[in-house]
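Chemist: In the order they appear, the protein sequences are chains A and B. Each residue of the first sequence is one higher than the last, beginning at 190 in this note's numbering. Each residue of the second sequence is one higher than the last, beginning at 29 in this note's numbering. The beta-carbon is built from N, C-alpha and C at its ideal position, and this holds for glycine as well. All figures in this text were calculated on a predicted structure; none of them were measured in a lab.
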Amino acid sequence: LAKTTQPISMDSYEGQEVNITCSHNNIATNDYITWYQQFPSQGPRFIIQGYKTKVTNEVASLFIPADRKSSTLSLPRVSLSDTAVYYCLVGRGDSGGYQKVTFGTGTKLQVIP
Amino acid sequence: NAGVTQTPKFQVLKTGQSMTLQCAQDMNHEYMSWYRQDPGMGLRLIHYSVGAGITDQGEVPNGYNVSRSTTEDFPLRLLSAAPSQTSVYFCASRPVAKNIQYFGAGTRLSVL
Chain A
190 LAKTTQPISM
200 DSYEGQEVNI
210 TCSHNNIATN
220 DYITWYQQFP
230 SQGPRFIIQG
240 YKTKVTNEVA
250 SLFIPADRKS
260 STLSLPRVSL
270 SDTAVYYCLV
280 GRGDSGGYQK
290 VTFGTGTKLQ
300 VIP
Chain B
29 NAGVTQTPKF
39 QVLKTGQSMT
49 LQCAQDMNHE
59 YMSWYRQDPG
69 MGLRLIHYSV
79 GAGITDQGEV
89 PNGYNVSRST
99 TEDFPLRLLS
109 AAPSQTSVYF
119 CASRPVAKNI
129 QYFGAGTRLS
139 VL
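What follows is the structure, encoded as structure tokens:
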């Protein structure tokens with residue numbers, strides 16, 4: 190089971206770039222890295238997923254070094270609406286790994302005006 | 029575009045009562061799951077299903093039952109509610125081909 194470690198909380202000013210790093214030292218060969226965002230009183234929402242190197246979409250970028258033992262979610266120019274909890278998950282995509290995908294406590298990002 | 033629908037949104041039970049939390053998805057996803065989230069904690073997997081007629085236990089299954097008679101529905105049953113089951117419950121679904129889960133809005137349950 191790939192355990193993940195993230196900072197408990199982070200503060201950032203509006204307009205800044207925010208980088209949240211997740212450690213996953215025992216990631217397996219078949220594991221993907223997935224990030225979710227959760228607003229208060231809502232279910233988590235998928236942000237981005239990657240396997241190696243860099244992935245970018247309209248919301249964020251995900252940087253994964255060659256050894257894949259960590260990953261960094263990058264949010265460009267955050268706004269107040271980005272205040273949320275961000276979860277890093279590591280797990281296989283098939284049904285055999287389904288039950289082994291666990292959510293940690295996540296990183297609570299507070300964006301300050 | 030409903031996605032994953034959970035009902036009810038809020039529920040208060042007395043200790044010992046039973047109830048069923050409903051979850052329905054309209055995306056034809058094979059995989060569905062139930063999580064609970066306690067204050068200040070992440071989500072913990074209760075039960076999951078990889079298809080109609082197939083269910084399995086997650087991390088915290090005690091006190092809960094599930095069944096999956098159709099692809100669309102995945103109800104969670106509390107057999108005899110206990111105060112320790114006070115939590116927010118989330119249902120999620122995902123397609124076989126993509127490791128991305130889609131979550132409902134949650135059911136906030138209080139057991140007195």
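Quick one: list the residues of chain A neighbouring Leu49 (chain B), beta-carbon separation under 8 Å, in chain order.
Modeler: Within 8 Å Cβ-Cβ: nothing; Leu49 (chain B) doesn't reach chain A, min ~13 Å.
Chemist: Just curious, the beta strand (DSSP E) that Leu39 (chain B) is in, first and last residue?
Modeler: Inspection of the sequence shows that residue 39 (chain B) is occupied by Gln rather than by Leu. Element bounds for Gln39 (chain B): Phe38 to Leu41.
Chemist: Relative to the C-alpha of Thr194 (chain A), which candidate in A:Tyr221, A:Val207, A:Asn214 and A:Phe252 has its C-alpha closest?
Modeler: Closest option to Thr194 (chain A), Cα to Cα, is A:Asn214.
Chemist: Checking the sheet assignment: what are the DSSP bridge partners for Ala52 (chain B)?
Modeler: Looking at the DSSP assignment, Ala52 (chain B) forms a beta bridge with B:Thr33 and B:Asp101.
Chemist: For Leu71 (chain B), which residues from the same chain have a beta carbon less than 6 Å from its beta carbon, with the 5 sequence-adjacent residues on both sides left out?
Modeler: Contacts found: Tyr63 and Gln65.
Chemist: Quick test of the definition: if touching needs 3 or more C-beta pairs under 8 Å, does the stretch 123 to 137 of chain B touch the stretch 234 to 247 of chain A?
Modeler: Result yes; three or more Cβ-Cβ pairs closer than 8 Å.
Chemist: Can you tell me whether Gly295 (chain A) is buried or exposed? The criterion is at least 16 other CB atoms within 10 Å of its CB, across all chains shown.
Modeler: Gly295 (chain A) is buried by the Cβ-count criterion.
Chemist: Which same chain residues end up closer than 6 Å to Lys297 (chain A) when comparing Cβ atoms and leaving out the 5 residues on each side of it in sequence?
Modeler: Result list for Lys297 (chain A): Ser198 and Val274, in chain order.
Chemist: In whole angstroms, what separates the C-alpha of Ile301 (chain A) from that of Ser46 (chain B)?
Modeler: The straight-line gap from Cα to Cα measures roughly 44 Å.
Chemist: Span of the beta strand (DSSP E) holding Asn208 (chain A)?
Modeler: First-last of the beta strand (DSSP E) with Asn208 (chain A): Val207 to Ser212.
Chemist: Looking at the secondary structure, which residues open and close the beta strand (DSSP E) in which Met69 (chain B) lies?
Modeler: No beta strand (DSSP E) contains Met69 (chain B), which DSSP labels as neither H nor E.
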